[in-house]
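To start, the structure itself, in structure tokens.
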Amino acid sequence: MKNHIQKGDVITVPAPAGGITSGEGVIVGNIFGIAAYSAVEGDPLELATTGVYQLPKATAAVLTVGARVAWDNTAKNINVPGTGRFPVGIATEAAGNGITSVAVRLDGIGTVAA
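The sequence shown begins at 339 in our numbering and counts up by one.
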């Protein structure tokens, strides 16, 4: 196919304001992904939009295996879906109150909840 650009599991976007560190979650427009490397604001940045990643979790959030999860862009962590949070995928492990990270399978889709 001569119109094929890429698979889409990793895409290139401009790094957000303030830059980004490798492994951090980031929202660019309606795209959520994990930074493949550190980049300064405006530089090309590769974002992984699918796969399973260990991500910081809101300490009080209680997640079960298979629970839908969302990214809180203010706190920079995974939480339960809710107003102002960006749906990113599902938890692939249980993580209760007091746990500060969780494995998440990114689904490559989502928009910020109103």
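Just so it is clear, CB atoms sit at the ideal spot from N, CA and C, and this is done for glycine as well.
Supposed close pair residue i, residue j - CB separation, criterion 8 Å
i, j, result
"E379", "A355", "5 Å"
"A408", "G420", "7 Å"
Euclidean distance between Cα positions of residue i and residue j
i, j, result
"I369", "E384", "12 Å"
"P352", "A373", "11 Å"
"A413", "A396", "8 Å"
"P382", "Q344", "16 Å"
"N341", "S439", "39 Å"
"Q392", "T350", "21 Å"
"G367", "M339", "28 Å"
"G404", "G361", "22 Å"
Own chain, CB closer than 6 Å to residue i, minus 5 neighbours either side, in chain order
i, result
"T359", "S376"
"I365", "N411 and F424"
"T388", "D347, L444 and G446"
"N415", "P394, K395 and A396"
9 Å Cβ cutoff met for residue i and residue j
i, j, result
"A441", "T402", "no"
"R423", "V390", "no"
"V426", "D445", "yes"
Exposed unless 16 or more other CB atoms sit within 10 angstroms - verdict on residue i
i, result
"A452", "Confidence at A452 is low in this model, with a pLDDT of 49, below 50, so the placement of that residue is unreliable and no value is reported for it."
"N435", "exposed"
"G363", "buried"
"G371", "buried"
Cut-off 7 Å between Cβ atoms - residues of its own chain near residue i, not counting five sequence neighbours on either side
i, result
"R406", "P419, P425 and I428"
Contacts around residue i, its chain only, beta-carbon distance under 8 Å, and the 5 residues preceding and following it disregarded
i, result
"I437", "K395 and T397"
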